[in-house]
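Numbering (this note's numbering), first residue to last: 23 to 398. Just so you know, even glycine gets a beta-carbon here, dropped at the ideal spot from N, CA and C.
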Amino acid sequence: MRAELAAKVDEIRASLDLLRSHLDVDRSRRRLAELNAIVEDPKLWDDPERAQKLMQERTTLEDGLGAIDRVLRDLEDNIELIELGEAEGDEGVITEASASLDGLKAELARRELEALLSGEADANDSYLEVHAGAGGTDSQDWAEMLLRMYRRWCERHGFKVELMDESQGEQAGLKSATIQVKGHNAYGWLKTEAGVHRLVRISPFDSNARRQTSFASVDVYPVVDDRIVVDIKEADVRVDTMRSGGAGGQHVNKTESAVRLTHIPTGVAVVSEGDRSQHKNRATAWNMLRAKLYDLELKKREAEAMAEQAAKTDIGWGHQIRSYVLQPYQLVKDLRTGVTSGTPQEVLDGDLDPFMQAALAQRAYGGGPDSVEDVD
């Protein structure tokens with residue numbers, strides 16, 4: 023086998039060994055066998071919450087173990103194809119097999135990072151908020167573009183999305199919006215996206231077609247479950263009710279079904295207006311508030327553990343984590359890892375994995391550039 027192809031094969035085998043170690047394959051197979059026996063018990067669903075957690079655990083183990091088996095099988099198939107292609111002098115077969123090996127390398131790299139998502143809340147569902155910043159209507163339009171980008175990323179990965187709250191801009195776009203992303207490791211992946219995002223383009227709202235810089239911020243925090251206790255004193259929370267600000271209909275703006283909770287000691291506020299029932303919106307808002315306060319504690323612990331400066335929250339110059347340039351050239355650049363893409367439209371259509379993977383790797387392994395120069 024050619025040296026470059028042999029090197030790819032060796033690298034994939036090494037990655038497989040590392041992934042087996044991360045997943046502790048023997049233990050995982052034993053646990054999967056236990057879960058398969060448990061789910062056959064008809065009384066399991068007498069406790070739906072416990073049943074759902076066990077089913078999710080089983081699905082996660084099946085996915086991880088199945089990926090190892092599939093990659094190993096595909097690796098052996100491609101080795102056979104390469105040997106066949108070399109024996110028959112068929113460069114097309116060799117090229118195709120080499121491309122497949124590259125695909126296996128990419129999948130293993132993602133799986134290795136996913137195996138490192140062992141933080142207290144990494145496996146949980148996630149809330150994601152988008153807020154327009156400096157830039158007026160352009161920034162509100164940019165906030166809506168970002169929300170669409172994350173919806174597209176969720177679609178690519180099979181995550182479910184539920185709109186929790188939305189405040190529309192006066193002329194276009196969004197002032198703010200909150201979605202809940204449901205799926206295994208949703209928070210673990212999305213937490214890398216928290217920060218200020220900068221857009222440079224020819225403004226569609228400027229009659230002189232001038233280049234405009236806009237900002238929007240993204241906040242990400244985990245959905246907390248009964249494993250995580252967040253103690254909130256009711257006396258510390260101000261409750262406001264208001265009319266829903268949705269798009270219209272018989273119910274909207276006629277009853278005060280929307281609920282806003284403000285945690286007075288921290289200033290953290292949440293709004294829930296997705297349901298017609300004020301009672302349900304109140305319960306949802308309390309869950310969101312618990313999640314936000316828990317995320318504050320997680321960030322505090324992380325900052326102390328890593329001895330890093332707490333993240334800045336200004337939505338404007340100097341605080342962006344990523345810049346998206348649409349004119350006069352095409353480039354997306356992450357200012358933490360240095361990862362770039364020359365196809366911004368693909369990124370805005372949800373192709374965020376390279377940025378997320380690099381940010382996760384930086385957190386897990388350290389390293390990365392000391393500083394990254396922003397783009398004009």
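Simplified DSSP assignment, three categories, for residue i
i, result
"residue 217", "strand"
"residue 387", "helix"
"residue 206", "coil"
"residue 138", "coil"
"residue 116", "helix"
"residue 234", "strand"
"residue 316", "helix"
"residue 395", "coil"
"residue 23", "coil"
"residue 376", "helix"
"residue 265", "coil"
"residue 253", "coil"
"residue 348", "coil"
"residue 244", "strand"
"residue 274", "Because residue 274 carries a pLDDT of 48, less than 50, the predicted location of this residue cannot be relied on, and no value is offered for it."
"residue 333", "Reliability fails at residue 333, whose pLDDT of 40 lies under 50, so the model's placement of it is uncertain and the value that follows must be treated cautiously. Residue state, collapsed to three classes: coil."
"residue 145", "coil"
"residue 122", "helix"
"residue 328", "In this prediction, residue 328 has a pLDDT of 45, which is less than 50 and means its spatial position is unreliable; what the coordinates show is noted afterwards. Correct three-state label for residue 328: helix."
"residue 358", "coil"
"residue 298", "coil"
"residue 284", "strand"
"residue 381", "helix"
Residue i versus the options, residue with shortest Cα-Cα distance
i, options, result
"residue 314", "294, 160 and 290", "290"
"residue 235", "46, 144, 111 and 157", "157"
"residue 200", "41, 239 and 229", "239"
"residue 93", "204, 42, 117 and 190", "42"
"residue 377", "356, 26 and 262", "356"
"residue 312", "280, 256 and 46", "256"
"residue 262", "71, 308, 188 and 254", "308"
"residue 196", "237, 303, 224 and 179", "237"
"residue 47", "137, 187 and 391", "137"
"residue 185", "222, 293, 367 and 254", "293"
"residue 49", "59, 188, 160 and 87", "87"
"residue 227", "198, 193 and 252", "193"
"residue 385", "246, 394 and 358", "358"
"residue 164", "24, 219 and 229", "219"
"residue 381", "99, 135 and 189", "135"
"residue 318", "160, 243 and 221", "243"
"residue 399", "396, 89, 139 and 222", "Nothing can be reported for residue 399: it is not among the residues displayed for the chain, which extend from 23 to 398."
"residue 320", "118, 61 and 245", "245"
"residue 281", "65, 398, 69 and 310", "310"
"residue 113", "229, 31, 230 and 23", "23"
"residue 190", "368, 162, 217 and 177", "162"
"residue 222", "305, 25, 398 and 28", "398"
Whole-Å CB distance - residue i paired with residue j, under 8 Å assumed
i, j, result
"residue 300", "residue 131", "About 47 Å; that fails the 8 Å criterion."
"residue 364", "residue 352", "6 Å"
"residue 149", "residue 74", "Incorrect: roughly 19 Å between the Cβ atoms, too far for contact."
"residue 101", "residue 116", "The Cβ separation is near 11 Å, so there is no contact."
"residue 96", "residue 122", "7 Å"
"residue 233", "residue 349", "6 Å"
"residue 187", "residue 295", "6 Å"
"residue 180", "residue 205", "6 Å"
"residue 241", "residue 166", "The Cβ separation is near 16 Å, so there is no contact."
"residue 198", "residue 153", "5 Å"
"residue 316", "residue 252", "5 Å"
"residue 76", "residue 90", "Not a contact, Cβ separation roughly 22 Å."
Any chain D beta carbon closer than 7 Å to residue i
i, result
"residue 377", "Judged by its chain identifiers, the structure shown contains no chain D, having just a single protein chain."
- Counting only runs that start and end within the segment 148-199, where is the beta strand (DSSP E) found for 3 or more residues in a row? 148-154 and 182-190
- Item | the segment 124-140 contacting the segment 35-45, beta-carbon criterion three pairs below 8 Å | yes
- Query: Are the segment 167-177 and the segment 368-377 touching, with three or more C-beta to C-beta distances below 8 Å?
  - Reply: Touching, per the Cβ criterion.
- Query: Between the segment 341-349 and the segment 252-268, do at least 3 Cβ pairs fall closer than 8 Å?
  - Reply: The segment 341-349 makes no contact with the segment 252-268: fewer than 3 CB pairs, one atom from each, lie closer than 8 Å.
- 4 or more residues per run - each alpha helix (DSSP H) lying fully within the segment 27-113: 47-60 and 70-110
- Query: Is there contact between the segment 281-288 and the segment 211-219, where contact requires at least three CB pairs shorter than 8 Å?
  - Reply: no
- Item | Cβ contact (3+ pairs, closer than 8 Å) linking the segment 81-100 and the segment 49-59 | yes
- Counting pairs of Cβ atoms below 8 Å between the segment 190-209 and the segment 142-149, do you hit three or more? yes
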